[in-house]
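Counting from 34, one number per residue, gives the positions in the sequence shown under our numbering. The next block holds one structure in the form of structure tokens; read it before the comments.
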Amino acid sequence: MLTIFVLVACQPATSTALPPSPTPTSILFPTETPTPGPTATETPTLVPTLPASTVELEGAEIPPGFSLIKFADLYRPTAFAFDAAGRLYVASQDGNVYLLVDDNKDGRSDSRSTFASGYYFPLGVAVHTPSGDVYVSYQGAITVLSDTDGDGRSDNERILVDDLPFDKHQNDNLEFGPDGWLYMGLGSTCDACEDPDPRSATILRFHVGTGESEIYATGMRNPFDLAFHPETGGLFATDNGRDDLGLDTPFEELNHIVQGGDYGYPDCWNEQDAPGCENTIPAIAFFEAHSSANGVDFYNGETFPAEYRGNAFVSIFGSWLKPDVQTGIQRVILSPSGNTYTTETGWFIRFPTGVMPLPLLLGPDEALYVGDYINDAIYRLSYGIP
Numbered sequence: 034m035l036t037i038f039v040l041v042a043c044q045p046a047t048s049t050a051l052p053p054s055p056t057p058t059s060i061l062f063p064t065e066t067p068t069p070g071p072t073a074t075e076t077p078t079l080v081p082t083l084p085a086s087t088v089e090l091e092g093a094e095i096p097p098g099f100s101l102i103k104f105a106d107l108y109r110p111t112a113f114a115f116d117a118a119g120r121l122y123v124a125s126q127d128g129n130v131y132l133l134v135d136d137n138k139d140g141r142s143d144s145r146s147t148f149a150s151g152y153y154f155p156l157g158v159a160v161h162t163p164s165g166d167v168y169v170s171y172q173g174a175i176t177v178l179s180d181t182d183g184d185g186r187s188d189n190e191r192i193l194v195d196d197l198p199f200d201k202h203q204n205d206n207l208e209f210g211p212d213g214w215l216y217m218g219l220g221s222t223c224d225a226c227e228d229p230d231p232r233s234a235t236i237l238r239f240h241v242g243t244g245e246s247e248i249y250a251t252g253m254r255n256p257f258d259l260a261f262h263p264e265t266g267g268l269f270a271t272d273n274g275r276d277d278l279g280l281d282t283p284f285e286e287l288n289h290i291v292q293g294g295d296y297g298y299p300d301c302w303n304e305q306d307a308p309g310c311e312n313t314i315p316a317i318a319f320f321e322a323h324s325s326a327n328g329v330d331f332y333n334g335e336t337f338p339a340e341y342r343g344n345a346f347v348s349i350f351g352s353w354l355k356p357d358v359q360t361g362i363q364r365v366i367l368s369p370s371g372n373t374y375t376t377e378t379g380w381f382i383r384f385p386t387g388v389m390p391l392p393l394l395l396g397p398d399e400a401l402y403v404g405d406y407i408n409d410a411i412y413r414l415s416y417g418i419p
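Structural data, given as structure tokens:
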């Protein structure tokens, strides 16, 4: 689980049968099929040369041909959102929302300004198109910010909602859906309990015009981040399991979210095949227990090798419950199976000890942006020369 009060991974309570332990130990890099040597009558097959790569984080393991550079230094980044102009809004644990701009398009931020300030534990930010309004999720509330004079600073604010339950967890990241509604994960107020507020441990959605809200799906302990599939429009969410069942269970999750679905928290986890779990929906991908699966986004660009298109990427933050857990970015390959998906998972990036990635977002430049919460940095992963 991720709790920014105590940023750690989480788990569930009544015991259920475990699926096979997740094995995200493989590295899902592009593979090359060996080409037989030429015979007297054959023309040699030319194998493309991988582009040169740059790695600016010592100890990081990235796929061949990719580059990882530091985009910006910024205190404890928690959430990202790009606007139509390609500017990056970053929520920080210091209570500010910053605006970062790469003016010369070299893959590094050239300017930073404080767009807005004064928010307690902001964990979500989203930009509404076409209005350009910036939505911020912070403890117990969502606010809407506008920059009416175009100076890069908010000068108008209205509250969308200010009575969201919080305690151990709170309202998390935000994402606009293809239907125009604003979606948000809302964590449970405890490690494992039935919360009296039905909005706790759910995914909510809000109508940005009327402020109307509704519970979209239930049974998720701390659905930190959301992403919509770029082709199908389907909704996906990470989730972190309870802390009271030991170090090996339950696994962290990536869920395919359907309206009205119950994802099992607090009493069902992993494959959710125990009595009483028949009507709950299991995750489509599992990650190591207490590894804290948080940020998620899909790759829908053209600059990465073709096999990455449609893949999900999940940031694995790590936790103090299990300090030796590997952190980095997991790659999830999805294959349609009826009305859901089967998946293959593996490491895309392995980070060295002490690096704890939290927000993750695909940029309009088709690079992947990753925030290192502990070391106050934002990295940019691109294919080829940065």
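Built from N, CA and C at the ideal position, the CB exists for glycine as well.
I'd like to confirm the pairing. Which residues does DSSP put opposite residue i in its beta bridges?
i, result
"glutamine 363", "Val347 and Trp380"
"histidine 161", "Answer is none; histidine 161 lacks a bridge partner."
"phenylalanine 422", "Since the first residue of the chain shown is 34 and the last is 419, residue 422 is not available in this structure."
"histidine 323", "Looking at the DSSP assignment, histidine 323 forms no beta bridge with any residue, so it has no partner."
"aspartate 330", "Phe346"
"alanine 149", "Val130"
"threonine 271", "Leu287"
"threonine 373", "Ser370"
"aspartate 295", "Thr251"
"serine 170", "Gly157 and Ile175"
"valine 88", "Leu101"
"alanine 318", "Leu287"
"serine 144", "Val134"
"glutamate 335", "Paired residues: none, contrary to the question."
"glutamate 94", "Arg383"
With residue i as the anchor, note down where its beta strand (DSSP E) starts and where it stops.
i, result
"alanine 234", "Alanine 234 -> no beta strand (DSSP E), and no H or E assigned at all."
"serine 246", "246-251"
"phenylalanine 154", "Taken as a continuous stretch (DSSP letters only), phenylalanine 154 belongs to no beta strand (DSSP E), as it is neither H nor E."
"tyrosine 402", "401-405"
"leucine 133", "130-134"
"phenylalanine 257", "Neither: phenylalanine 257 is in no beta strand (DSSP E) and is coded neither H nor E."
"methionine 217", "215-219"
"aspartate 205", "204-209"
"isoleucine 192", "189-194"
"isoleucine 411", "410-416"
"aspartate 106", "99-106"
"leucine 197", "First-last for leucine 197: undefined, no H or E at that position."
"leucine 393", "390-395"
Is the separation between the beta-carbon of residue i and that of residue j shorter than 8 Å?
i, j, result
"valine 177", "tyrosine 171", "no"
"aspartate 166", "serine 179", "yes"
"phenylalanine 269", "asparagine 288", "yes"
"alanine 114", "alanine 149", "no"
"aspartate 300", "aspartate 224", "no"
"serine 370", "serine 352", "no"
"methionine 217", "leucine 193", "no"
"leucine 101", "leucine 83", "no"
"leucine 414", "isoleucine 95", "yes"
"proline 397", "glycine 119", "yes"
"alanine 326", "asparagine 372", "no"
"proline 110", "isoleucine 317", "no"
"alanine 345", "alanine 260", "yes"
"phenylalanine 284", "alanine 322", "yes"
"leucine 367", "threonine 360", "no"
"threonine 313", "glycine 297", "yes"
"isoleucine 382", "alanine 85", "no"
"methionine 389", "isoleucine 407", "yes"
What residue from the options has the CA that sits closest to residue i's CA?
i, options, result
"glycine 157", "Ile175, Lys138 and Met389", "Ile175"
"proline 419", "Val329, Gly242 and Gly98", "Gly98"
"leucine 354", "His161, Glu245, Thr282 and Leu207", "Thr282"
"threonine 336", "Pro356, Glu399, Ser348 and Gln359", "Glu399"
"valine 88", "Ser368, Phe384 and Val347", "Phe384"
"phenylalanine 154", "Ala112, Tyr332 and Arg186", "Ala112"
"aspartate 228", "Trp380, Gln203, Pro315 and Ser246", "Gln203"
"tyrosine 108", "Tyr416, Ala307 and Asp405", "Asp405"
"glycine 242", "Trp214, Asp230 and Ile362", "Trp214"
"proline 315", "Gly334, Val291 and Gly92", "Val291"
"aspartate 357", "Asp212, Leu280 and Leu133", "Leu280"
"histidine 262", "Gly334, Trp302, Asn303 and Val403", "Gly334"
"glycine 244", "Val403, Arg232 and Arg191", "Arg191"
"serine 164", "Ser144, Asn137, Leu133 and Asp116", "Asp116"
Taking residue i and residue j to be in contact with their CB atoms under 8 Å, please state how far apart those CB atoms are, rounded to whole angstroms.
i, j, result
"aspartate 205", "glycine 220", "6 Å"
"tyrosine 122", "serine 146", "With a Cβ gap of about 11 Å, tyrosine 122 and serine 146 do not count as contacting."
"threonine 386", "arginine 364", "Going by Cβ atoms, the distance from threonine 386 to arginine 364 rounds to 21 Å, so no, they are not a contact pair."
"aspartate 295", "glycine 267", "The pair is not a contact, with the Cβ atoms about 17 Å apart (cut-off 8 Å)."
"glycine 140", "phenylalanine 104", "7 Å"
"leucine 391", "phenylalanine 350", "6 Å"
"lysine 201", "threonine 181", "Not confirmed; about 38 Å, so no contact."
"glycine 328", "aspartate 258", "5 Å"
"aspartate 135", "serine 142", "6 Å"
"glycine 151", "glycine 128", "6 Å"
"glutamate 286", "phenylalanine 331", "Not confirmed; about 17 Å, so no contact."
"threonine 264", "glycine 343", "Checking the displayed sequence, the identity of residue 264 turns out to be glutamate instead of threonine. About 6 Å; that satisfies the 8 Å criterion."
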